[in-house]
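Trainee: Numbering (the working numbering), first residue to last: 13 to 435. Backbone N, C-alpha and C define an ideal beta-carbon position, used for all residues, glycine too.
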Ligand SMILES: Cc1cc2nc3c(=O)[nH]c(=O)nc-3n(C[C@H](O)[C@H](O)[C@H](O)COP(=O)(O)OP(=O)(O)OC[C@H]3O[C@@H](n4cnc5c(N)ncnc54)[C@H](O)[C@@H]3O)c2cc1C
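1) Along the chain, where does the beta strand (DSSP E) containing residue 5 start, and where does it finish?
2) Answer with buried or exposed for residue 346, where buried requires no fewer than 16 other C-beta atoms within 10 angstroms of its C-beta.
3) Throw me the rounded Cβ distance for the residue 142 and residue 176 pair, which I believe falls under 8 Å.
4) Would you check whether ligand 1 has a heavy atom nearer than 7 Å to the C-beta of residue 74?
5) Spatial neighbours of residue 88 within its chain, please: CB distance less than 8 Å, with the 5 preceding and 5 following residues excluded, ordered by chain position.
6) Starting from residue 295, follow its DSSP beta bridges and name the residues at the other end.
7) Are residue 79 and residue 193 closer than 8 Å when you measure CB to CB?
8) Given this structure, state the Cα-to-Cα distance separating residue 434 from residue 242, to the nearest angstrom.
9) Starting from residue 381, follow its DSSP beta bridges and name the residues at the other end.
10) Determine whether the beta carbon atoms of residue 331 and residue 264 lie at a separation below 8 Å.
11) Keeping to the same chain, check which residues put their C-beta closer than 6 Å to that of residue 336; ignore five residues upstream and five downstream.
12) Excluding the five sequence neighbours on either side, which residues of its own chain have a C-beta within less than 7 Å of the C-beta of residue 441, listed in chain order?
13) Report all residues from its chain with a CB closer than 7 Å to the CB of residue 354; omit the five preceding and five following residues, and keep chain order.
14) Taking its Cβ as the centre, do 16 or more other Cβ atoms sit within 10 Å of residue 167, making it buried, or is it exposed?
15) Report, in whole angstroms, the separation of the C-beta atoms of residue 61 and residue 204, which I expect to be a contact under 8 Å.
16) Give the straight-line distance between the Cα atoms of residue 277 and residue 271, rounded to the nearest whole angstrom.
17) Roughly how many whole angstroms lie between the Cα atoms of residue 359 and residue 343?
18) Give a yes or no on contact between the segment 228-238 and the segment 142-159, applying the rule of three or more CB pairs nearer than 8 Å.
19) Sorted by chain position, which residues of the same chain lie with C-beta nearer than 6 Å to residue 120's C-beta, five sequence neighbours on each side aside?
20) Indicate whether the contact test is met: 3 or more Cβ pairs, each with one atom in the segment 248-267 and one in the segment 308-318, closer than 8 Å.
21) How many Å lie between residue 320 and residue 386 at the Cα?
22) Tell me the DSSP secondary structure of residue 52 in three-state form.
23) Hey, is residue 86 close to ligand 1, as in C-beta under 7 Å from one of its heavy atoms?
24) Using a 10 Å radius around the Cβ and a threshold of 16 neighbouring Cβ atoms, would you call residue 219 buried or exposed?
25) Looking at chain C, is there any beta carbon in it that lies within less than 8 Å of the beta carbon of residue 259?
26) On the three-state DSSP scale, how would you describe residue 33?
27) Please classify residue 243: does DSSP put it in a helix, a strand, or coil?
28) May I have the straight-line CA-CA distance separating residue 366 from residue 341, to the nearest angstrom?
29) Among 231, 212, 95, whose alpha-carbon lies nearest the alpha-carbon of residue 288?
30) Under 7 Å from any heavy atom of ligand 1, does the C-beta of residue 420 make it?
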C-alpha cells in the first residue's frame, strides 16, 4: 500500500522548503547518491532500487529534466557489438545490454525497431579493415551477421553503393530519452528520488557519510556514484577521485535529410570506421520518428556544453589546453582534426564523405539538424580511452568513460557497477 505523510525526507538535509507533501521514504539501511540523471546514472539507480531492498537511491541532476545531455542528443542506435575489442567491457556490456534493452522497451512500450545496419566498404583499401571488423563482430557473437557483395548491398539498401558490406539485421533504433524517463519512473516507484535542478558544487567526505552539496541544498549519503557525462572528471575530482582521465568534448553535428529523399534510406548505412578513433564515421540513420539523419562528425568543441560552433567557455578551454594529453593527441591527429573542422564549416565537405556510400543524397538534400557533445576520456599520454572505465575509490565510484555504446549498454553497465560495489 502507498501512503503519504507530510515529512522532511530523511535523506535530504534541506530540500522541499515549501513543506510540500512528499511520498514517505522507506527507512533505509544505506543511502546511495548518484550524480547525473543521464541514461547511465538512472540505469544504475534503477538497478539498485529494484535489486537491493533497504538501499535508498537519490539521483541528483543539475538540469530541470532527465536525459538533457548525451542521452538526449545521440543517434538513437542500439548497437549489436560489431566494433568493440573482444573481451573488452564495451563488447561484453553492449552485447548483454542490447538484449536487456530490447526486453525493457518491449515491457514498457518504448519504440524499438530492428531496421538493421550496413557497414559499407567503398574503396579497395577499406576491404582489409572490413575483414578485421567482420572477425571482431563474429568473435563478439553479433547475431545474423552476413557479408554481402554489391548486389547484396542493393537488396538491403537499394540506394547504397559499395564494394562489400557487413549486414547486422538486429542493430536497432530506439528512443533513448524515453528510456531514461522510464528508468526515472522506476526509481521513484521503488521509493527512490530523482532530484532535478541540483547542480552539484561540492562533495564532502566525513567519517561514515558523504555530503553532496548544491549551494544551500545538500543530501547526505553513504556512497556516491558519479555519472556526470561531460562533467564527470570535474565532479569525480570534487569527490576525491584522481584527475586522470580528463574529459574532452567532441561535438557531433547532424544533418537532416529532406522529406523527398528520406525513402532512399531504409535503416542504417555506415562507413568502415578508422580504427585509430573511437568514433564510427558520419552515417545515415533512420530515427524512430521516421526522419533520416546524417552524422555525427567529431569536432573538438570549445566548451563542454559546446552544442554550436560559437559556444565558447574560457575555463573549459583552459582545462583542455592545460591537460598534457591534449597536446599529444593534437600532435598525432591534427590532420583529422582539420578535416573535421572543414566538414563542420561546409555542408558540401560534410556530405562528400557520406555521398561515397549513398551517392543520391548530397549537400542540397540536407539541412543542419543540431548536435550532441560526446564525453570522451583522454589519458595523460594523449590516448583516447577506448573502453568503458569505472573507477572505485572507497565510497566513491566514478564512471569515468562511458561513450557510445553506453546508451545501448546502460542496463548491463548498471548490473556491472552494482556487482562491483555490492559484490
Ligand atoms: C552525438 C552522439 C551520438 C551518440 N550515439 C549513440 C548511439 O547511437 N548509441 C549509443 O548507445 N550511444 C550513443 N552515444 C553515446 C551515449 O549517448 C552516451 O554514452 C550516454 O548517453 C552516456 O550517458 P551518461 O548518463 O553517462 O551521460 P549524460 O547523458 O551526458 O548524462 C550526464 C548527466 O549528468 C548531469 N550532470 C553533469 N554535471 C553535473 C553536476 N555537477 N551536478 C548534477 N548533475 C550533473 C548532466 O546534466 C547530465 O544529465 C552518442 C553520444 C553522442 C554525443
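Mentor: On the basis of the data shown:
1) As shown, the chain starts at 13 and ends at 435. That puts residue 5 outside it, with no answer to give.
2) One-based indexing of the chain shown puts residue 346 at position 334. So residue 346 counts as exposed.
3) Here the question's residue 142 lines up with position 130 in the chain shown. Here the question's residue 176 lines up with position 164 in the chain shown. With 8 Å as the limit, residue 142 and residue 176 qualify as a contact, their Cβ atoms being about 6 Å apart.
4) Stepping through the chain shown from its first residue, residue 74 is reached at position 62. Yes, the beta carbon of residue 74 sits closer than 7 Å to at least one heavy atom of ligand 1.
5) As a first step, residue 88 is located in the chain shown; it is residue number 76 there, counting from the start. Excluding residues within five positions, the ones whose Cβ falls inside 8 Å are 185, 186, 187, 188, 297, 299, 300.
6) Within the chain shown, numbered from 1, the residue matching residue 295 stands at position 283. The partner list for residue 295 (beta bridge, DSSP) reads 307.
7) On the chain shown, position 67 is the one that residue 79 refers to. On the chain shown, position 181 is the one that residue 193 refers to. Closer than 8 Å, so yes.
8) What you label residue 434 is simply residue 422 of the chain shown in a count that begins at 1. What you label residue 242 is simply residue 230 of the chain shown in a count that begins at 1. Distance between the alpha carbons of residue 434 and residue 242: 26 Å.
9) As a working note, residue 381 is residue 369 in the chain shown. Answer is none; residue 381 lacks a bridge partner.
10) Translated into positions along the chain shown, residue 331 becomes position 319. Translated into positions along the chain shown, residue 264 becomes position 252. No, they are not a contact pair.
11) Here the question's residue 336 lines up with position 324 in the chain shown. Excluding positions up to five away in sequence, the list reads 392.
12) What is shown of the chain runs 13 to 435, which leaves residue 441 out entirely.
13) As a working note, residue 354 is residue 342 in the chain shown. So the list reads 361, once near-sequence residues are dropped.
14) Stepping through the chain shown from its first residue, residue 167 is reached at position 155. By the 10 Å Cβ count, residue 167 comes out exposed.
15) Taking the chain shown and counting its residues from 1, the one referred to as residue 61 is at position 49. Taking the chain shown and counting its residues from 1, the one referred to as residue 204 is at position 192. Yes, residue 61 and residue 204 are in contact; Cβ-Cβ is about 5 Å, under 8 Å.
16) Here the question's residue 277 lines up with position 265 in the chain shown. Here the question's residue 271 lines up with position 259 in the chain shown. Roughly 11 Å between the two C-alpha positions.
17) Taking the first residue of the chain shown as 1, we reach residue 359 at position 347. Taking the first residue of the chain shown as 1, we reach residue 343 at position 331. C-alpha separation (whole angstroms): 27 Å.
18) no
19) Here the question's residue 120 lines up with position 108 in the chain shown. Hits under 6 Å: 194.
20) yes
21) Position 308 of the chain shown holds residue 320. Position 374 of the chain shown holds residue 386. Residue 320 and residue 386: Cα-Cα distance of roughly 13 Å.
22) What you label residue 52 is simply residue 40 of the chain shown in a count that begins at 1. In the structure shown, residue 52 sits in a helix (DSSP, three-state: H, G or I).
23) Stepping through the chain shown from its first residue, residue 86 is reached at position 74. Because some heavy atom of ligand 1 lies under 7 Å away, the Cβ of residue 86 counts as near it: yes.
24) Position 207 of the chain shown, counted from the start, is the residue given in the question as residue 219. Label assigned to residue 219: exposed.
25) In the structure shown, chain C does not exist; there is a single protein chain.
26) For the purposes of this step, residue 33 is taken as the residue at position 21 of the chain shown. Legend: pLDDT at residue 33 = 34, less than 50; position of this residue unreliable, no value from coordinates given.
27) Position 231 of the chain shown, counted from the first residue, corresponds to residue 243. Helix.
28) For this step, residue 366 is matched to residue 354 along the chain shown. For this step, residue 341 is matched to residue 329 along the chain shown. Cα to Cα, the separation comes out at about 26 Å.
29) As a position in the chain shown, residue 288 is number 276, starting the count at 1. Ranking 231, 212, 95 by Cα distance to residue 288 puts 95 first.
30) To locate residue 420, count along the chain shown from 1; it is residue 408. Under cutoff, so the answer is yes.
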